[in-house]
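2 protein chains.
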Amino acid sequence: MSNPHPTYEALTAHYTRLHRYGHLQAMAWWDQACNMPPKGQEARAAALAEVAALIHRMRTDPQLPQQFERAAQEPLDDAQRANLREMQREWQSDNALPEALVQAKTLATSRCEHAWRTQRPANDWHGFLENFRPVLRIAREEAALLSAQNGLRPYDALMDRYEPGMTSETVERVFGDLRQWLPGLIARVVERQSRERPIEAQGPFPKAAQRALSLELMALLHFDFEAGRLDESAHPFSGGVPEDVRLTTRYREDDFVQSLMGTIHETGHARYEQNLPRELLGQPVALARSMAIHESQSLSFEMQLARSPGFVELIAPLLRKHFGAQPAFEPGNLHRLLTRVEPGFIRVDADEVTYPAHVILRFEIERALIEGDIEAEDIPALWDEKMQSLLGVDTRGNYRDGCMQDVHWPEALFGYFPCYTLGAMYAAQWFATLRRGTPDLDARIASGDLAPVFDWLRDNIWLQGSRWTTDELAQRASGEPLNPAHFKSHLESRYLG
Amino acid sequence: MSNPHPTYEALTAHYTRLHRYGHLQAMAWWDQACNMPPKGQEARAAALAEVAALIHRMRTDPQLPQQFERAAQEPLDDAQRANLREMQREWQSDNALPEALVQAKTLATSRCEHAWRTQRPANDWHGFLENFRPVLRIAREEAALLSAQNGLRPYDALMDRYEPGMTSETVERVFGDLRQWLPGLIARVVERQSRERPIEAQGPFPKAAQRALSLELMALLHFDFEAGRLDESAHPFSGGVPEDVRLTTRYREDDFVQSLMGTIHETGHARYEQNLPRELLGQPVALARSMAIHESQSLSFEMQLARSPGFVELIAPLLRKHFGAQPAFEPGNLHRLLTRVEPGFIRVDADEVTYPAHVILRFEIERALIEGDIEAEDIPALWDEKMQSLLGVDTRGNYRDGCMQDVHWPEALFGYFPCYTLGAMYAAQWFATLRRGTPDLDARIASGDLAPVFDWLRDNIWLQGSRWTTDELAQRASGEPLNPAHFKSHLESRYLG
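The listed protein sequences derive, respectively, from chains H and R. According to the numbering used here, the first sequence is numbered sequentially starting from 1. According to the numbering used here, the second sequence is numbered sequentially starting from 498.
Encoded structure:
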């Protein structure tokens, strides 16, 4: 029998090879964060640059477009068509920019990010500005080029790299709604919680005990330790490859919540990766759908599941086991500790109620930056004004804990921030769907039966990979595209119910 | 100023890229041995095969020979000429075999090695033989092809891959001499030691204490922890890259000597790699000279240095510190424990006096196998006969601890075994030279001043990389090429002195 789709198969072989080179790259990154001694840095950077260049050459192979065209004429099934669509999407995004711009961007962002590491602690906004202006200029150029090719608005063209199909029109609508009710909700929650006085947990919490607890939690969350592992790094991440997921966390001996919740968050990312469609691994269609959908998994684990009263009941005995019994670990008290809401300066330290405010602010500023409505100099004033109106926090003159706190802008990751809050909304939408299908969900979680959660996520999200657009995925999983009403209900029910 | 050697520079760029891909390969190998969870195996194997194929394509690039020729016409200095020579040596060895033979070899050796893992514990010689016959057939074909190209005898052509320039004529002469006096020496040492009754060390020796001791020993041996690390693996090795050496060891709680001496041995390999000529790293001329020279470094550390009475005095307090005081750790007693000689079945467990007997036997058998003088079926009888005559040990019917004990033959690593004993001989030669230059060497070692040893090895061996042929290297370092008399003197002085 002759091969009915030789070109399509040649394409899949190409992407399989890319997947294999990507494997070595991912492991070298993980090793760099977890193991590498300092003098290995230079050789590692050179090796990573070499394989990145190889991967870039393969992904921008000029023969690909005609292969895509030929493959499109071949008799392909739906999954194969979806794979071809994803190949083409990748190719377009990889080929949009001239080599010179890619190089200029690498240079400008490395310089800016490197200097930022010392400028941030020094609160040196003016020093930062000098390196950040070229980064912004290049990002605008990038956005203009992408926009000219795909017809999206410049900011949307950048966001599309992380969240395909998402437009700022949608984000604006969704965030605009949020902006209306969020400050009021925060005020009510803060007022209500001011009457609670949860008992604080008493440290220190030894690192070894935190690690043992982390491992036990990952097992509880069905992390497959035969296809991944937990290590330590300065900045927690979920890396490696779907076949061998490398999770990291960090431990502070005065605060067990950071590693506890950090591990649960990364385990959500990890289980998505571990359960992508196995038979298609290596193909673009088997990749995670988008950054917001990825975040919807980590937040399904960290926010929807782990901060639910039933789950807190489940882990209270584990805390006593690893850290010794103390009054703070009484489930009701522990739940109050884990759901405290407090407006603050720092996004990554924010609770789930105030977190969206940090994202709205960044979205509004970065969209205006990219579309040329404001300049880099205008950031601090806008930052102060928005922090004041959204969270009632005064950041004047405090660049360090204000507009210099994130690595995203120095690295030109414009368009990424919205994914965090879109992810939180999708997570609420998944759990709303789950609760409709499993009315006794919370009782089952409290009893330790987490299978309904994982089965639903696996079937509806994980195993779908990039088979559908994000809208279709949401529609198939929950009967509707993104609907932020679920997020609002979730917050109201958890924090004001 | 125009570039006086553009082709030479293009060649060095090519080898620098190879070095970078090799970096990712080395780290993935290390990770596989130290970290990888079981389900990562398949994806890792595919990724490693992909980069191995890439490296092979680059190393056999058909444009290289004419570039070598053109570069040879350019005005090169001596180091550059040596680099060009090493490039050509690599190219010849990589291009000697047709692709089909390389593939057949990979298949046959993987099958044989995989089955051997269970056949060895099952003592299943006849099952092994079935898979080993094709391995041997391919190795003979390989030897014949290499021999036709470089004019060496078939066995020498295989050995040349590990030990360039070494011939079986030399090995025969050296081993023939050894064969004369070794059995007598062993008998005399055994007889003499039979009157000693060293006090045995009492375990258990906790893994954490052994690891702490290993790290302290590595520091004592000037291992650069900013350019490498120590981990654990089933089979200890020194891997990674010169810029970031990854050492491994294993711990048995009933026996501290294995990890102690294993770590010291691998640290010898590691320091060679860490001190290869830095400015040339990535170029063939900056690689370690040969397997025997590499082994001469690990054995300089493990045998010459670490089993010298002065060094034993130095480490006795460390053993007490990590394992608690016990009579066995009295330096004189400890030295007797560490220099016990006992003929046995297993090469890797052998002491430095009986070890060469294991190597002579393997050399004689494998050379006869490759040159067609015997067949695979003849191995057990020859093995028994030689073990009997060399070590007085009866291995009849015991294939597991006899001719099936090593992974080398299943993997077609014919020609490798002699390097172990050549390395021991070179190590003795280096220390004889060192003692001539530093008459108070042993006193300085006992006082903890190891700098004379490391300075000499660094200047004479490590920093030389592959600048010279092995004979020239030995000549420059010690005033003569390989001279086994130093090894004999060393054994006589240590064990009969």
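C-beta atoms are modelled at their ideal positions from N, C-alpha and C, and glycine is treated no differently. Just so we're clear, the structure is a prediction, and the values are computed from it rather than from any experiment.
- Looking at the DSSP output, Val241/H sits in a beta bridge with Asp244/H.
- At the C-beta level, Ile346/H and Gln405/H come within 7 Å of one another.
- Nearest CB-CB separation between Val285/H and chain R: not below the 7 Å threshold.
- According to the DSSP assignment, Gly725/R belongs to the beta strand (DSSP E) that extends over 725-729.
- If you look at Glu776/R, you'll find it isn't in any alpha helix (DSSP H); DSSP assigns it neither H nor E.
- Taking 7 Å as the cut-off, the beta carbon of Glu243/H is found no closer than this to the beta carbon of Ala543/R.
- Membership of Ile365/H in the alpha helix (DSSP H) is indicated by the continuous run 355-370.
- Here Ile867/R really is in contact with Phe911/R; their C-beta atoms are around 6 Å apart, less than 8 Å.
- In its chain, beyond the 5 residues on either side, Arg650, Pro651, Ala654 have a beta carbon closer than 7 Å to the beta carbon of Ser644/R.
- About 5 Å separates the Cβ atoms of Arg320/H and Phe329/H, confirming a contact at the 8 Å cut-off.
- Val548/R belongs to the set of residues whose beta carbon lies under 7 Å from a beta carbon in chain H.
- Proximity of Glu226/H to chain R, defined by a Cβ-Cβ separation below 7 Å, is satisfied.
- By a beta-carbon distance limit of 8 Å, Ala96/H contacts Leu145/H. Their separation comes to about 6 Å.
- Around the CB of His235/H, fewer than 16 other CB atoms lie within 10 Å, so the residue is classed as exposed.
- If you check each beta-carbon in the region 56-77 of chain H against every beta-carbon of chain R, none falls closer than 8 Å.
- Cα atoms of Phe625/R and Tyr748/R: separation of roughly 30 Å, rounded to the nearest angstrom.
- Relative to Arg692/R, the option among Asp939/R, Glu729/R, Val838/R whose CA is nearest is Val838/R.
- Using a Cβ-Cβ cut-off of 7 Å, Asn532/R is close to Arg229 of chain H, given in chain order.
- Thr606/R carries a helical assignment under DSSP once its states are collapsed to helix, strand and coil.
- Contact annotation for Tyr518/R against chain H: Leu24, Ala47, Glu50, Val51, Leu54 [CB-CB distance below 9 Å, chain order].
- Under a 10 Å Cβ-count criterion, Trp181/H is classified as exposed, with fewer than 16 other Cβ atoms of the shown protein chains found around its own Cβ.
- Chain order gives the chain R residues near Asp31/H as Met524, Asp528, where near means a beta carbon separation below 7 Å.
- Proximity of Arg775/R to chain H, defined by a Cβ-Cβ separation below 7 Å, is not satisfied.
- Bounds of the alpha helix (DSSP H) holding Asp881/R are 876-888.
- Under a 10 Å Cβ-count criterion, Asn35/H is classified as buried, with 16 or more other Cβ atoms of the shown protein chains found around its own Cβ.
- Assignment of beta strand (DSSP E) within the region 83-160 of chain H, counting only whole runs of 3 or more residues, yields no such run.
- Arg211/H is outside the set of residues whose beta carbon lies under 7 Å from a beta carbon in chain R.
- Comparing alpha carbon positions, the residue from Glu253/H, Ile186/H, Glu69/H closest to Ala350/H is Ile186/H.
- If you draw a 10 Å sphere on the C-beta of Asn3/H, you find fewer than 16 other C-beta atoms in it, and that means exposed.
- Proximity of chain R to Arg17/H at the Cβ level (cut-off 8 Å) is accounted for by Glu547, in chain order.
- An exposed status is given to Pro701/R, since fewer than 16 other beta-carbon atoms sit within 10 Å of its beta-carbon.
- Taking a cut-off of 8 Å for Cβ pairs, the region 551-566 of chain R and the region 625-640 of chain R do not touch, as fewer than three such pairs fall below it.
- For the C-beta of Ala43/H, the chain R residues within less than 7 Å are, from N- to C-terminus, His520, Val738, Glu740, Asp741.
- Less than 7 Å separates the beta-carbon of Ile264/H from that of Phe301/H.
- For Gly737/R, the number of other beta carbons within 10 angstroms of its own is at least 16, and it is reported as buried.
- Pairing Val190/H with Ala227/H, the inter-Cα distance amounts to about 42 Å.
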